[in-house]
Structures are given as structure tokens and as C-alpha cells.
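Step one of this worksheet: look at the structure below.
2 protein chains.
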Amino acid sequence: MPFTNNEFRTAFSVDNVIFGFDDADLNILLIKRAEEPFANHWALPGALVHQDEDLRDAPIRVLKELTGLDNVFLEQVKTFGKVNRHPSGRVITIAYYSLINIHQVSPQAMSFAEKVSWIKIKDVNELAFDHNEILEFTLSKLRRDVKRRPIGFELLPDTFTLSQLQSLYEAVLDKELDKRNFRKKILSMKLLLDVKEYQQGVAHRPAKLFSFDPDRYLTLKAEGFNFEI
Amino acid sequence: MPFTNNEFRTAFSVDNVIFGFDDADLNILLIKRAEEPFANHWALPGALVHQDEDLRDAPIRVLKELTGLDNVFLEQVKTFGKVNRHPSGRVITIAYYSLINIHQVSPQAMSFAEKVSWIKIKDVNELAFDHNEILEFTLSKLRRDVKRRPIGFELLPDTFTLSQLQSLYEAVLDKELDKRNFRKKILSMKLLLDVKEYQQGVAHRPAKLFSFDPDRYLTLKAEGFNFEI
DNA sequence: AAATGAAAGTGAAAAAAGAACACTAAGTCC
DNA sequence: GGACTTAGTGTTCTTTTTTCACTTTCATTT
Chain D
39 MPFTNNEFRT AFSVDNVIFG FDDADLNILL IKRAEEPFAN HWALPGALVH
89 QDEDLRDAPI RVLKELTGLD NVFLEQVKTF GKVNRHPSGR VITIAYYSLI
139 NIHQVSPQAM SFAEKVSWIK IKDVNELAFD HNEILEFTLS KLRRDVKRRP
189 IGFELLPDTF TLSQLQSLYE AVLDKELDKR NFRKKILSMK LLLDVKEYQQ
239 GVAHRPAKLF SFDPDRYLTL KAEGFNFEI
Chain C
39 MPFTNNEFRT AFSVDNVIFG FDDADLNILL IKRAEEPFAN HWALPGALVH
89 QDEDLRDAPI RVLKELTGLD NVFLEQVKTF GKVNRHPSGR VITIAYYSLI
139 NIHQVSPQAM SFAEKVSWIK IKDVNELAFD HNEILEFTLS KLRRDVKRRP
189 IGFELLPDTF TLSQLQSLYE AVLDKELDKR NFRKKILSMK LLLDVKEYQQ
239 GVAHRPAKLF SFDPDRYLTL KAEGFNFEI
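Chain order of the listed sequences is D and C.
To convert a position in the first sequence, counted from 1, into our numbering, add 38.
To convert a position in the second sequence, counted from 1, into our numbering, add 38.
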């Protein structure tokens, strides 16, 4: 190994920004820390990266522990590396975000956490470490990404109505959209499969259900199709 | 410190993708490695991150050593962390890219390098480590960024002609642009200052010279102006 | 000094995309 | 049966993007 001992005084971690959508608001999964530093503060879930683990496997491990989910949409955001970002020593952290269907999950408290909870984005207050900065940067990346690629579906159940999809986009972008224009645009992408079923148990006209067509997405992507909303 | 010894077996490096434009092609600054592993191979310049150094200061240090330049456009790209990406041990690397004016610089060979050279993007072959993957990802990010924000100016001299600016965009995007549409678009952003001078020593009608107006840029950015090309 | 070559500079018309906008339909609930 | 709630649907206007060709101004050549 060509490295002197001195270069190993830095630890590295990942932090997960896990987004969920509850039919009205965008939420993130936060933990309440059980240990110092920042005991009793809300924080992003995270973990140290294992020595023999590919970087991307670390946030996957955190997600699995926390939610039981495997195969989740996961995207690297940015690495945060100020010398003093962690009070107990040098820790460089790589932020990831995920999109999950909030109803698929009943999160479990994990090692470092006293408590795990979904918090509406707009209700997030002071977080531990530099996690507010990480969250803010991640949100802006999510907003950019969601306009560029059809990733919003990851936050919804397998079948959903166009109104649900629209409120999801409105929650993520924090902006109202025109119903007719939204439908025109989304349907013109041909990414939705009509599942020939209707919403049930609602006190109004039931909406048609759609599902996302991942094959169609791959085909269009290969053709360089533009998915901008 | 809450970390056990075991967690420090990973080293941290940064790798710099330094872009320069030579009036026709997009180039990057590569080093020819003097040492194993990958002795005699071309590679991205990089360095281990110092213990007491903010992450972002590491690529700034590399740039300074290599080019003598300070105040350079620098953007974080992505972190690469496969377990076996470095044959001598676990090294996680954070990629950055910079845009510099190629004529401002006569690069100096640095510690690890036998040789430093500008290479046209299209002439880049096999690089050391996973540097081809890093370069490819960085190029795609540059192409996205250049459409989103007026960063192309960083690659040009202080004053430049509209044709130079256009060939720069064409080189970066690897795509021909319509002269009239390009001018219309770029001038409508009001980011160019007419320096009231003309090109000299060319065997054709001399072009007007412009410079970039950074104040104007900051004002427009604060207003949420859209700079898409 | 006239002709040639080479890039600079300029606008209008057509097509495409985006934004604004209001009523009818199909259910449940009371 | 009436009230209530959300679903669903097209057209017009505005803005943006695309397409396309000729004249100007300099240096160089003869």
C-alpha cells in the first residue's frame, strides 16, 4: 500500500435523504439520534462505509435496515467534506437520495436512532451536523432531476391516478400546475399504461388507474427522448 | 473519537478534470504517471486529501501546482468508490472539473507525473484506473451544465468574438449550431459587454470583441433568470 | 486598383411548444 | 332527488424555436 498511516485519519460516511409522498406532501425519513454528538436531534439516516463495500452499497444497506426495501431508486447527490463538519473528527460524507412509496414502508428504528419518522419537508427544522445544508442541496437536485427524467413514479404505488401524479409533481416542485396541460404533457410521453381499472371507495367520480411502463421508458431513453415537464 | 481504527483503512483522493479550449477543440489536461501503479499511463491529475484540508481545497491545490492558477471555475462532479478501483488499496475519489483559458497556462509536471499535456477530448485513449469512466461522466455533466448556466466564458480569453464563443459551445456540445439563432440567444441574455474594439490581424472582416459581464450575471441569477442555450 | 477569398453580420416567416381558461361527467352521501 | 366532490376534456393565444441566404468588411493576390 502506497499510503502512509496519516492518511487514514479520515472516516467516511453516507447520508440518505429518503423521500416519500403521502398524497399531499413530500416527506423525508429522519431519525432522532440516540447518541452523542447531537443526541436527541433529528438527523439524516446514515452509516460509515465499510472497508470492503462498494460506496453505493452503503446507502443501499441503510435503506434496507431502515425500511426493509431492496430495489429502490437511489441517486448520488454530492460529497460534503468541510474539516469541521463533524464535531468528533474528520468525516467526509457522501449524500444520496431515494424515492420510495411511503405506504410500502413502516420504518424501524435502527442502531444509532431512538426514533424514526416521516417528516413533511416544510416541517423540517434544525437538523444535526450540516444536514440542513445537505437536505437543501438534495431538494434542489431532486427538483432538477424530476423535470429531466420521469422518476416521480417511484414515489407512488404501482397504480395511480393522474391527479395523484399531478399532486406529486406539485409537491416536489412546490408549484401549482394546470390540470389540462399536465395531462396533455404526461400522456404525450406515452409512459403510462392504462390498467383498465378505476379507483374505488371514493366519494366522487372514480378516476382511471395507470401504471408506469418501464420498458417504454428504456426504449424512449435510448432514442434520446426528452422527458422534461 | 467514536471511530474504531478499522474505519481508517480507506484513503481519500480528488481527481481533476481540467478542460481547456484551443479555438477548435475541447482539451483536457492529463499527466503521464511516473510511478506505479499505471506507470507511463495517462491519468487525470489528482491528490490525496489532506487531513486538515477542506475537501474543496484539495482540487484547488492540484490546480495551483499544475497550472499556477488560483481563482478557477471548479465544480464537484461525483464520487467514485468501488472497492477495487485502485489496485493498491481502498481509495475513494471525488471528481471535480475546472474550466480554464488554455492560453493562460503552461502546465508544469508535478510530483507523480512524468509529463503533463493538453489532449484533445476526441484523442483520449485508455487512461489509468477508472479515469475513462470519470471523464465520460464529467463530460456529460459539463454538457448539462453548459446549457444551464453561462460557464463557457471561463474557457475563453477576457475578450472574444461571437464566433469564438459559438465554436466553443459547438466543441463542448459536439453539435453544430445555427449562427443567427446562437447570436440571438446569447445576446438576449445581456451578459456580453461590447468592448468597442475589433479583432486584429485576420484576413477577413474583423469581428467585434465582447467580454463577459459577471455583475450582470449575478443580478440576473438572483432574479432567477434562465440561461439555457 | 481591381478581383478574390473568408469570415462577420443581419431578419423574417413558419412551426412548435407552452400558457390560459370553464364546463360536463360520474360517482357518493344525505 | 339534490348537493357535493373530483374526473375528464379542447381551443385559442402567446411565446419560443427553427429554418434559411445574402450583404459587408477586411486582407491578400494579381
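Even glycine gets a Cβ: it sits at the ideal position worked out from N, Cα and C.
Burial state of residue i, where buried means 16 or more other Cβ atoms lie within 10 Å
i      : result
C:N44  : Annotation note: pLDDT 47 at C:N44 (below 50); position unreliable, coordinate value reported separately. Looking at its Cβ environment, which holds fewer than 16 other Cβ atoms inside 10 Å, C:N44 is exposed.
C:A81  : buried
C:H242 : exposed
C:T117 : buried
C:R182 : exposed
C:V240 : exposed
D:L173 : buried
C:R218 : exposed
D:P195 : exposed
C:G84  : buried
C:T131 : buried
C:N65  : buried
C:T119 : The sequence given here has Gly at residue 119 of chain C, not Thr. So C:G119 ends up on the buried side.
C:F263 : exposed
D:R47  : exposed
C:A260 : exposed
C:P75  : exposed
7 Å Cβ cut-off: residues of chain C touching residue i
i      : result
D:K102 : Those do not exist, as D:K102 stays about 18 Å from chain C at its closest Cβ, beyond 7 Å.
Interface partners of residue i on chain D, CB under 8 Å
i      : result
C:G119 : V87, D92, L93, R94 and I132
Residue i: contacting residues in chain D (beta-carbon distance under 7 Å)
i      : result
C:R128 : Q89
Per-residue contacts from residue i into chain C (C-beta, under 9 Å)
i      : result
D:K179 : Residues of chain C passing the Cβ test: none, with the nearest at roughly 12 Å.
Within chain D, partners of residue i - CB distance below 9 Å
i      : result
C:Q114 : K116 and T117
Beta-carbon contacts of residue i that lie in its chain and below 7 Å, excluding the five residues immediately before and after
i      : result
D:D108 : K102
C:V233 : T197, L247, F248 and S249
D:H124 : F167
Nearest-angstrom beta carbon gap, residue j and residue i [assumed within contact, 8 Å]
i      : j      : result
C:T105 : C:I138 : 7 Å
C:D53  : C:H169 : 7 Å
C:L67  : C:P145 : 6 Å
C:P244 : C:Y255 : Not confirmed; about 27 Å, so no contact.
Contacts around residue i, its chain only, beta-carbon distance under 8 Å, and the 5 residues preceding and following it disregarded
i      : result
C:D253 : none
C:R71  : A77, N78, H79, W80, A81, F150, A151, E152 and A166
D:E266 : K185 and R186
Residues near residue i by beta carbon distance below 6 Å, same chain, minus five either side
i      : result
D:F220 : Q204
C:D63  : K158 and A209
C:L230 : F248
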